[in-house]
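First comes the structure, then the notes that go with it.
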Amino acid sequence: TPILTRKQRQKCIKVAKEHLAAGRSVVVDNTNADPETRSQWVDIAEEFKIPIRCVYFSAPPTVCRHNNAVRAANKGLNPESRTLLPGIAFGDFLRRFKEPTMSEGFQEIVRVDFQFRGDDAAQQIWKQYWI
């Protein structure tokens, strides 16, 4: 599920702290929809006196749902064999989502707008599956 359980989140935090203590970089790959969730990672960065950056993927919900359907329905575009995320996952995320801001403690927020990347054949598949 896209939302970590408390136990899973605690394990991620523990592993992140172990890596930071060993002098390694850490990338947190999760939705972190709201400032409260993101603050856990900002606090860890402050604890270790390291910079923290946020990469904000700004695709609108319709594009996210579309990409979800295309990926799940096309093995050639889905090397991870991911299944279709349920609609409730999108609804829950949208309900909680607040765009990240510098006031949360980030040194930088990198905005990534969706842009299709792939060959012509993949783009033809991508264009066929509008929801």
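The sequence shown lines up with residues 1480 to 1610 when you count with the numbering used here. Ideal placement from N, C-alpha and C gives every residue a C-beta, glycine not left out. A quick note: this is a predicted structure, and the numbers were derived from the prediction, not measured.
Using the Cβ count rule (16 or more neighbours within 10 Å means buried), how would you classify Ala-1495?
buried
According to the neighbour-count rule (16 or more other Cβ atoms, all chains shown, within 10 Å of its Cβ), is Ala-1600 buried or exposed?
Per the 10 Å Cβ criterion, exposed.
Top-ranked residue by Cα proximity to Arg-1590, from Ala-1524, Phe-1536, His-1498:
Phe-1536
Is it buried or exposed, Asp-1598, if we count other Cβ atoms within 10 angstroms and call 16 or more buried?
With fewer than 16 Cβ atoms within 10 Å of its Cβ, Asp-1598 is classed as exposed.
Going by DSSP, which residues form a beta bridge with Arg-1590?
Tyr-1535
Own chain residues within Cβ distance below 7 angstroms of Arg-1532, not counting five before or after
Phe-1585, Gln-1586, Glu-1587, Val-1589
Could you check whether Val-1507 and Trp-1520 sit closer than 9 angstroms to each other, using their CB atoms as the reference points?
yes
Please go through the same chain and pick out, in chain order, the residues whose beta-carbon is closer than 6 angstroms to the beta-carbon of Ala-1524, but skip the five residues on each side of it.
Ile-1531
Pair within 9 angstroms by beta-carbon distance, Pro-1579 and Pro-1514:
yes
Endpoints, the alpha helix (DSSP H) within which Val-1549 is located
1540-1552
Three-state secondary structure assigned by DSSP to Arg-1485:
helix
How is Arg-1574 classed by DSSP in three states: helix, strand or coil?
Three-state result, Arg-1574: helix.
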